[in-house]
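For the sequence shown, this note's numbering assigns the number 86 to the initial residue and increments by one for each residue that follows. The beta-carbon is built from N, C-alpha and C at its ideal position, and this holds for glycine as well.
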Amino acid sequence: ARKLKSALEKEFGAVLDDNEDITPGEKFYKWEMVGVPVRIEVGKKDIDKGGVTVFRRDKRTKAFVKEKELVEALKSLLKDISENMRKNAAKYHASMINSAKNMDDVKKIIESGKAAKVVWCGNIDCASKMEKSVDAPFVGKVVNEEASGKCVWCGKKGKFYGIVGKTY
């Protein structure tokens with residue numbers, strides 16, 4: 086395990102947890118709470134087979150990897166984890182913003198704990214009145230997306246999409 090740590094620490098910042106006062110489960114929990122994305126388990130059976138078990142935290146999967154293939158496997162795995170996390174974050178973000186056709190929709194969406202995407206005329210007074218009406222801030226306008234429809238507050242031609250929602 087020490088040899089493996091030495092081989093990996095420059096490239097990946099590897100840490101060896103050789104604390105024998107706690108169980109493996111406690112070690113796993115400790116490092117997951119810190120946010121470590123990959124755990125390498127070095128057991129006798131793995132050593133006998135010339136490899137290690139690699140645990141991928143984002144998908145909660147394990148795989149056996151030959152020691153000589155470990156560096157390249159970890160590079161690929163970490164890249165994939167990063168892409169997976171980015172994709173999941175974008176999906177979650179999109180799920181938390183719902184389109185509103187009118188102020189009643191805005192209120193319902195905000196009460197559900199989400200943010201409302203509204204058509205907005207661009208007038209600051211409309212944004213301020215929306216904020217007061219639903220007790221939530223107008224957090225900004227959506228860029229790179231052309232609005233169609235009428236402002237949910239004043240009914241004038243919409244110029245932008247805006248986001249109204251509570252910030253925590």
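message: I need the DSSP call for Lys-186, collapsed to helix, strand or coil.
response: Position 101 of the sequence shown holds residue 186. Lys-186 falls in the coil class under three-state DSSP.
field: Backbone secondary structure at Tyr-114 - three-state DSSP
entry: Translated into the one-based positions of the sequence shown, residue 114 becomes position 29. In this structure, DSSP gives Tyr-114 a helical state, which the three-state scheme calls helix.
task: With distances taken Cα to Cα, identify the nearest neighbour of Lys-217 among Asp-106, Lys-164, Met-188.
output: Taking the sequence shown and counting its residues from 1, one reaches residue 217 at position 132. Residue nearest to Lys-217 within the set Asp-106, Lys-164, Met-188 is Met-188 (criterion: CA-CA distance).
- prompt: Near Met-170, what residues of its chain come up, given a Cβ to Cβ distance below 8 Å and the 5 sequence neighbours on each side ignored?
  reply: Stepping through the sequence shown from its first residue, residue 170 is reached at position 85. The residues are Asp-143.
field: Nearest residue (CA-CA) to Met-215, options Ser-233, Cys-239, Glu-126
entry: Locating residue 215 in the sequence shown gives position 130, where the first residue counts as 1. Taking only the C-alpha atoms, the option nearest Met-215 is Cys-239.
message: Taking the alpha-carbon of Lys-129 as reference, which of Asp-102, Leu-159, Val-137 has the nearest alpha-carbon?
response: Translated into the one-based positions of the sequence shown, residue 129 becomes position 44. Nearest of Asp-102, Leu-159, Val-137 to Lys-129, Cα basis: Val-137.
message: Rounded to whole angstroms, what is the Cα-Cα separation between Lys-95 and Ile-125?
response: Residue 95 sits at position 10 when you count from the first residue of the sequence shown. Residue 125 sits at position 40 when you count from the first residue of the sequence shown. If I take the Cα positions, the gap works out to 16 Å.
- prompt: Nearest-angstrom Cα distance between Lys-193 and Ser-184?
  reply: Locating residue 193 in the sequence shown gives position 108, counting from the first residue. Locating residue 184 in the sequence shown gives position 99, counting from the first residue. About 11 Å.
task: Label Ala-200 either buried or exposed according to how many other C-beta atoms from any shown protein chain fall within 10 Å of its C-beta, with 16 as the threshold for buried.
output: Residue numbering aside, residue 200 sits at position 115 when the sequence shown is read from its first letter. That one is buried.
Exposure of Val-204, with buried meaning 16 or more beta-carbon neighbours within 10 Å: Working through the sequence shown from its first residue, we reach residue 204 at position 119. Buried is the call here.
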